[in-house]
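Colleague: Let me give you the structure first, and then I'll get to my questions.
Protein chains in written order, with our numbering: chain A, 1434 to 1736; chain B, 181 to 592.
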């Protein structure tokens, strides 16, 4: 604490009035806040506004519709399909991805040979552009592609993963699990390194096995990180867009139309910006509700 | 210290402000298009070069839009920043024409005596005309014809391309074979695609249509159903394949890699065959006849936004590009077919061994446009996929398509 004390004294001596400090604080905050306002806050308010209009980009006049867009959403079959797809996608991806990330981090935290190599290998998909990974996976999933030729060795019939309506969504889920578990592995690694070694040593003395250590020390101790990871990946899953855009265009037969993709389609393909905005607001609402529920029933720190 | 920081901030701001004010010269005509191949880009450049040589007093700036073209143009029109001259595809034209965003060209056409609007094939002009007002001038056209692999035809003992539906099926059966007898078919008769634009020629050949004259949908009709059943039947009977079944991106690739003996494609496929698939010996033919000869044609217009400070200048460029001089430069490489009768005659495409099938198709080709919100395309695409991938019941799908599309009709 000595150094902290020293700093305090130094601050007092060199530094300035409160007013000046505030000036600097706002000077530094000004640009980020302005950028956030221009690119985030104002657009959010704007899209909320236009969701009440029959807003068409090229029309000279926009008609006010009130809540009619929202009423239409509730009768829109494709919207329900998109919502179902998104929920299925999230349910499929988030738990597997979180568990895989934690498991990878746990393994990477051990002293094993080639640890740095594996860490890099698992993290590379996270820093690769999603468009690039999507294109690679289009090739892997194709009928004469890598996945089928591997499965063919075990006697499975070739399946066209992305054009078969039963496997298209699962294929995109698998891709996403692969790309993002590496990313969340890093979060977990940071969390793991904060767990004091003494806990493990004590457990070892008591005769706890590796598995017991994992379930009774590691898992509870990284709970705040788990919370962060689950929230982030929930939001990411609800917004999944680029993989769908590149790999399947929402097809076949809307099997991979997700909510974010449907928003895009309405706004920019069907010339209906207002309706697109309304679907985006509904999506935002759903994400908010899910996050609140999660916070209430699965708090980051229950102890 | 505070003061000097403020000074820098102000300086930075004014710099940013100045930077945003630097604009193009006042009379610069901005021109946008997409680009389907590098050679098309080169051709566009040289065409614009010809224009500026002839009219050095005009500045033209070419702003290429490499992807998501329609979305981008839409945004630019909506935000009042559209280029002065740009492409519009026939396919999306109805959606643009219903808004008051494009410049009516009639007065310029009437004034400009050298332009000669009657020289154009009427169906291409009609694609960009609404209630007698012309909103775009068709720059060129392409249409679906049949490409067939002459080596495969010879090996199967067939001399001529199929002339009607019965022959198309018969030949496809003969041409489908498992060369190495491993139980997997190596060569299919024809490659098709679960897509509405490949289906429509068959519908038109069967005297069917997508919409009737009053704009009502005619999907749920015997003519449409029969065409779809025939088209899907080729695939179902295993004498046709689809690109995804052989891990390829499009039908052209399947033909180019010799996995199918026939493909329905357009003039844009010719350069690809010459550069990429040099070992494929092929010939071109008209699409086989159903109850009548029919195919669909594709055309693209040059249009101008209504909100435009350089209307005269824009017309100058537009009329040059679609005029007799510009169109001759553009179509002389065969990248696309001319929409002016006089140019077709000048270039003698009517007698060209390949191009004569494109030019000859003009007599019975229809431009396929749908007067419904763009969503109609997603709906038909989904239905086609359901039929091909999930073996959905065809009559039921057609009925469902009509129901889903009814509310999307564009109001006149």
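Using N, Cα and C, we set each Cβ at its ideal position, and we do this for glycine too.
All figures in this text were calculated on a predicted structure; none of them were measured in a lab.
Nearest to residue 598 of chain B by alpha carbon, out of B:432, B:448, B:345, B:577?
Modeller: Coverage of chain B is limited to positions 181 through 592, which leaves residue 598 of chain B absent and any answer about it impossible.
Colleague: Is there a Cβ of chain B sitting closer than 8 Å to that of residue 1586 of chain A, yes or no?
Modeller: By this cut-off, residue 1586 of chain A is not an interface position.
Colleague: Let me make sure I understand the geometry here. Which of A:1540, A:1641, A:1495 has the alpha-carbon closest to that of residue 1615 of chain A?
Modeller: Of the candidates A:1540, A:1641, A:1495, the one whose C-alpha sits nearest the C-alpha of residue 1615 of chain A is A:1540.
Colleague: Taking the alpha-carbon of residue 410 of chain B as reference, which of B:366, B:470, B:335 has the nearest alpha-carbon?
Modeller: The shortest C-alpha separation from residue 410 of chain B is found at B:470.
Colleague: For residue 439 of chain B, which residues of its own chain have a beta-carbon under 8 Å away from its beta-carbon, when the five flanking residues on both sides are left out?
Modeller: Excluding residues within five positions, the ones whose Cβ falls inside 8 Å are 366, 367, 368, 371, 421, 426, 428.
Colleague: Nearest to residue 149 of chain B by alpha carbon, out of B:451, B:311, B:503, B:219?
Modeller: No information on residue 149 of chain B is available, as it lies outside the stretch 181 to 592 that chain B covers here.
Colleague: Using a Cβ-Cβ distance cut-off of 8 Å, determine whether residue 1634 of chain A contacts chain B.
Modeller: With 8 Å as the cut-off, residue 1634 of chain A does not count as an interface residue toward chain B.
Colleague: With 9 Å as the limit, tell me which residues of the segment 226 to 251 of chain B have their beta carbon closer than that to any beta carbon of chain A; keep them in chain order.
Modeller: Listed in sequence order: 248, 250, 251.
Colleague: Just checking my contact of residue 1605 of chain A with residue 1681 of chain A at CB under 8 Å: how many whole Å lie between their CB atoms?
Modeller: Indeed they touch by this definition, with Cβ atoms about 7 Å apart.
Colleague: Residues in its own chain within less than 8 Å of residue 1436 of chain A by CB, not counting five upstream and five downstream?
Modeller: Its pLDDT being 45, under 50, residue 1436 of chain A is placed unreliably in this model, and the coordinates cannot settle the point.
Colleague: Can you pull the chain B residues whose beta carbon is under 9 Å from the beta carbon of residue 1596 of chain A, in chain order?
Modeller: By Cβ distance, chain B contributes 374, 422, 424, 425, 565, 568, 569.
Colleague: Please list the residues of the segment 269 to 285 of chain B that have a C-beta atom closer than 8 Å to any C-beta atom in chain A, keeping them in chain order.
Modeller: Answer set for the segment 269 to 285 of chain B: 275, 276, 279, 280, 281.
Colleague: Output the distance between the C-alpha atoms of residue 398 of chain B and residue 1538 of chain A, rounded to the nearest integer angstrom.
Modeller: Spanning the two alpha carbons is a distance of roughly 59 Å.
Colleague: Who pairs with residue 391 of chain B in a beta bridge, going by DSSP?
Modeller: Paired residue(s): B:397.
Colleague: Alpha carbon to alpha carbon, how far is residue 585 of chain B from residue 1486 of chain A?
Modeller: Whole-angstrom Cα-Cα distance: 22 Å.
Colleague: Which chain A residues sit within Cβ distance under 8 Å of residue 549 of chain B?
Modeller: What residue 549 of chain B touches in chain A: nothing, since even the nearest Cβ is about 15 Å away.
Colleague: Decide if residue 1502 of chain A is buried, meaning its Cβ has at least 16 other Cβ atoms within 10 Å, or exposed.
Modeller: Flag for residue 1502 of chain A reads buried.
Colleague: Which residues in chain A have a C-beta closer than 7 Å to the C-beta of residue 360 of chain B? List them in chain order.
Modeller: Residues of chain A passing the Cβ test: none, with the nearest at roughly 15 Å.
Colleague: Can you tell which of A:1723, A:1688, A:1654 has its C-alpha closest to the C-alpha of residue 1671 of chain A?
Modeller: Looking at the Cα atoms, A:1723 is the closest of the given residues.
Colleague: Are there 16 or more other CB atoms within 10 angstroms of the CB of residue 1454 of chain A, so buried, or fewer, so exposed?
Modeller: Exposed.
Colleague: Pop quiz: residue 1674 of chain A and residue 1694 of chain A are said to be a contact at Cβ under 8 Å. What is the actual Cβ separation, rounded to whole angstroms?
Modeller: Between residue 1694 of chain A and residue 1674 of chain A the Cβ distance is about 6 Å, and since that is below 8 Å, they are a contact.
Colleague: On the three-state DSSP scale, how would you describe residue 1440 of chain A?
Modeller: Residue confidence is low: residue 1440 of chain A scores 49 on pLDDT, short of 50, so the model does not pin down where it sits. No coordinate-derived value is stated.
Colleague: Taking just the CA atoms, how far does residue 1464 of chain A sit from residue 1451 of chain A?
Modeller: Approximately 21 Å between the Cα atoms of the pair.
Colleague: At a Cβ threshold of 8 Å, is residue 1704 of chain A touching chain B?
Modeller: Yes - at least one Cβ of chain B is within 8 Å of the one on residue 1704 of chain A.
Colleague: Does the segment 500 to 516 of chain B come within contact of the segment 217 to 226 of chain B, defined as at least 3 CB pairs closer than 8 Å?
Modeller: Verdict: yes, contact present.
Colleague: Could you tell me which of B:382, B:437, B:281, B:311 sits nearest to residue 259 of chain B, measuring between CA atoms?
Modeller: Considering only alpha carbons, the answer is B:281.
Colleague: Can you list, in chain order, the residues of the segment 1573 to 1585 of chain A whose Cβ is nearer than 7 Å to any Cβ on chain B?
Modeller: Result list: 1575, 1576, 1577, 1578.
Colleague: Can you list, in chain order, the stretches of the alpha helix (DSSP H) that have 4 or more residues and sit fully within the segment 512 to 576 of chain B?
Modeller: Counting only runs of 4 or more, we get 521 to 526, 535 to 541, 555 to 570.
Colleague: Who are the Cβ neighbours of residue 1678 of chain A in its own chain at under 7 Å, not counting the five residues just before and after it?
Modeller: Contacts found: 1694.
Colleague: Just checking my contact of residue 493 of chain B with residue 207 of chain B at CB under 8 Å: how many whole Å lie between their CB atoms?
Modeller: Their Cβ separation, rounded to whole angstroms, is 6 Å, which keeps residue 493 of chain B and residue 207 of chain B in contact under 8 Å.
Colleague: Using 10 angstroms around the beta-carbon of residue 1534 of chain A, count the other beta-carbons present and answer buried if the total reaches 16, otherwise exposed.
Modeller: With 16 or more Cβ atoms within 10 Å of its Cβ, residue 1534 of chain A is classed as buried.
Colleague: Pick out whichever of B:233, B:329, B:476 has its Cα sitting closest to the Cα of residue 339 of chain B.
Modeller: Residue 339 of chain B has its Cα closest to that of B:329, out of B:233, B:329, B:476.
Colleague: If we require 3 or more residues per run, which beta strand (DSSP E) segments fall completely within the segment 315 to 384 of chain B?
Modeller: Qualifying beta strand (DSSP E) stretches, in chain order: 317 to 323, 325 to 329, 368 to 371.
Colleague: So, is the C-beta of residue 1528 of chain A closer than 8 Å to a C-beta in chain B?
Modeller: By this cut-off, residue 1528 of chain A is not an interface position.
Colleague: Identify, in the order they occur along the chain, each residue of the same chain with its Cβ nearer than 6 Å to the Cβ of residue 1686 of chain A, setting aside the five sequence neighbours on each side.
Modeller: Around residue 1686 of chain A: 1598.
Colleague: Here's a check: name, in chain order, each residue in its chain whose Cβ is nearer than 7 Å to the Cβ of residue 181 of chain B, leaving out the five neighbours to either side.
Modeller: At residue 181 of chain B, the pLDDT of 47 sits below 50, so the modelled position is not reliable; the number obtained from the coordinates is stated separately. The answer is none, since no qualifying residue turns up.
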